[in-house]
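Undergrad: The structure's right below; bear with me while I get my questions together.
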Amino acid sequence: MTLPTVAVVICAYTQQRWGDLQAAVESAKRQPEATEVVVVIDHEPELLLRAAARWPGLRVVPNTEDRGLSGARNTGVALAESDVVAFLDDDAAADPDWLMHLVEALELPDVVGVGGRAIPSWPDTTGAGPFPDELLWIVGCSYTGLPTEAGDVRNVIGSSMAFRRDVLLAAGGFRSGIGRVGNQPLGCEETELCIRIAQMRPESRIRYEPRSTVSHRVSPDRVSMRYVRRRSYYEGISKAVLSRRVGARDSLSSEGTYLTRVLPGALLRELGALGRGGGTRALAIVTSVAATVTGYAVGRTLGTVVVRTAAPAPARERVAV
Numbered sequence: 358m359t360l361p362t363v364a365v366v367i368c369a370y371t372q373q374r375w376g377d378l379q380a381a382v383e384s385a386k387r388q389p390e391a392t393e394v395v396v397v398i399d400h401e402p403e404l405l406l407r408a409a410a411r412w413p414g415l416r417v418v419p420n421t422e423d424r425g426l427s428g429a430r431n432t433g434v435a436l437a438e439s440d441v442v443a444f445l446d447d448d449a450a451a452d453p454d455w456l457m458h459l460v461e462a463l464e465l466p467d468v469v470g471v472g473g474r475a476i477p478s479w480p481d482t483t484g485a486g487p488f489p490d491e492l493l494w495i496v497g498c499s500y501t502g503l504p505t506e507a508g509d510v511r512n513v514i515g516s517s518m519a520f521r522r523d524v525l526l527a528a529g530g531f532r533s534g535i536g537r538v539g540n541q542p543l544g545c546e547e548t549e550l551c552i553r554i555a556q557m558r559p560e561s562r563i564r565y566e567p568r569s570t571v572s573h574r575v576s577p578d579r580v581s582m583r584y585v586r587r588r589s590y591y592e593g594i595s596k597a598v599l600s601r602r603v604g605a606r607d608s609l610s611s612e613g614t615y616l617t618r619v620l621p622g623a624l625l626r627e628l629g630a631l632g633r634g635g636g637t638r639a640l641a642i643v644t645s646v647a648a649t650v651t652g653y654a655v656g657r658t659l660g661t662v663v664v665r666t667a668a669p670a671p672a673r674e675r676v677a678v
């Protein structure tokens, strides 16, 4: 059987993560399955020059789409020449077998996308701070509520994922009017893509493969109640935009179980551990739910006033130069 070719796309936007970016790129280069590594710099000319000088043997390119993570990913998809496109965050380092397990999952019938497990790498100065495992999605990591074994899911986590390139192209790529821009903590761009693919190809499957792991660094500024509130608020806004675009039933199908079963159990557990940090973690759960609901209400009320909107950015074919 002919093995698929695989491109690893890493998007970066700031020199403040230079050390993280180097770790991410080097971990991608060590993947035996990686046919090519593409580094996309999101409208930061100095970082582009620095990265191009650091990796002269790789394709280091500017984002030619709209500013933001979605546009940068679309640029990588358009320039990739492989059958599969894997995405690794610029502050994540892949384990040696990371890509192998993603590719294996994509060889299953009807599987068009797959996500791996992201394990938080906490700052030495703070540890996990206020975060129970159920809230690790706030820092871009796998959380309690996801499957514990490989299986089909609605959507992947963006820090570690892979898709068949032809499916990405047919779907039109990531929507540029949704998702993170710089340090603005919007999200749901990969959720929207996965739902759109499922609506376009009902027979397709999205997989979660926890054997494929990355270490996702958490910066000290994110280990705080303030960030819990801010990130959750913007998640609510993102969910509101998502529900407008793909429908409330599809956009909130997984959140109902999470809100009614996973979080209440976590809250009761933490309230029973008040003397062991449970009070702080319980407060984080309540804060996150309240902020998310508020953001969702604001997003539903104001809609396009809250976040920029744009048509889907086409991941069009380009001639590599």
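Quick note: to get the working numbering, add 357 to the position in the sequence shown (first position is 1).
Where is the CB? At the ideal position from N, CA and C, for every residue including glycine.
Since we're looking at a predicted model, the values are computed, not measured.
Tell me whether A303 sits in a helix, a strand or coil according to DSSP, three-state version.
TA: Absent from the structure is residue 303, since the part of the chain shown begins at 358 and ends at 678.
Undergrad: Taking the DSSP output, what are the residues bridged to F520?
TA: To locate residue 520, count along the sequence shown from 1; it is residue 163. Note: F520 sits in a beta bridge opposite V442 and G470.
Undergrad: Do the stretch 387–402 and the stretch 362–377 meet, that is, are 3 or more Cβ pairs less than 8 Å apart?
TA: Touching, yes.
Undergrad: Secondary structure at D377, three-state DSSP: helix, strand or coil?
TA: Counting from 1 along the sequence shown, the entry for residue 377 is found at position 20. It is helical.
Undergrad: Where does T501 fall in DSSP's three states?
TA: As a working note, residue 501 is residue 144 in the sequence shown. Reduced to three states, the DSSP call for T501 is strand.
Undergrad: Using a threshold of 8 Å, state whether the C-beta atoms of Q388 and L456 are closer than that.
TA: Mapped onto the sequence shown, residue 388 falls at position 31. Mapped onto the sequence shown, residue 456 falls at position 99. Taking 8 Å as the Cβ cut-off, Q388 and L456 qualify as a contacting pair.
Undergrad: Can you give, in chain order, each stretch of the alpha helix (DSSP H) that sits fully within the stretch 548–634 and has at least 4 residues?
TA: Qualifying alpha helix (DSSP H) stretches, in chain order: 582–603, 605–608 and 620–628.
Undergrad: DSSP has R416 in a bridge; who is on the other side?
TA: Within the sequence shown, the letter at position 59 stands for residue 416. According to DSSP, which records beta bridges pairwise, R416 is partnered with V395.
Undergrad: If you follow the beta strand (DSSP E) that A369 is in, where does it begin and where does it stop?
TA: One-based indexing of the sequence shown puts residue 369 at position 12. A369 -> beta strand (DSSP E) spans V363 to A369.
Undergrad: Indicate the three-state DSSP secondary structure (helix, strand or coil) for S384 in the structure shown.
TA: Working through the sequence shown from its first residue, we reach residue 384 at position 27. S384: helix per DSSP, three-state reduction.
Undergrad: How big is the Cα-Cα spacing for R638 and R416?
TA: Mapped onto the sequence shown, residue 638 falls at position 281. Mapped onto the sequence shown, residue 416 falls at position 59. One C-alpha to the other measures close to 43 Å.
Undergrad: Can you give the Cα-Cα distance for F520 and V469, rounded to whole angstroms?
TA: Translated into the one-based positions of the sequence shown, residue 520 becomes position 163. Translated into the one-based positions of the sequence shown, residue 469 becomes position 112. V469 has its alpha-carbon roughly 6 Å from the corresponding atom of F520.
Undergrad: According to DSSP, is G508 part of a helix, a strand, or is it coil?
TA: As a position in the sequence shown, residue 508 is number 151, starting the count at 1. DSSP, read as helix, strand or coil, puts G508 in strand.
Undergrad: Sorted by chain position, which residues of the same chain lie with C-beta nearer than 6 Å to D607's C-beta, five sequence neighbours on each side aside?
TA: Counted from its first residue, the sequence shown places residue 607 at position 250. Cβ neighbours of D607 beyond the five flanking positions: I552.
Undergrad: When you compare the CB of A443 with every CB in chain B, is at least one pair closer than 8 Å?
TA: Chain labels in this structure do not include chain B; a single protein chain is all it has.
Undergrad: Based on the DSSP output, what are the partners of I476 in its beta bridges?
TA: Stepping through the sequence shown from its first residue, residue 476 is reached at position 119. In DSSP, I476 forms a bridge with S572.
Undergrad: Give the secondary structure of R532 by DSSP, where H, G and I count as helix, E and B as strand, and everything else as coil.
TA: Here residue 532 refers to the residue found at position 175 when the sequence shown is read from its first residue. It is a strand residue.
Undergrad: Starting from A449, follow its DSSP beta bridges and name the residues at the other end.
TA: If you number the sequence shown from 1, residue 449 lands on position 92. DSSP output for A449 lists H573 as bridge partner(s).
Undergrad: Going along the chain, which residues of its own chain have a beta-carbon closer than 6 Å to the beta-carbon of S581, five neighbours each way excluded?
TA: Residue mapping note: residue 581 aligns to position 224 of the sequence shown, counting from 1. Excluding positions up to five away in sequence, the list is empty.
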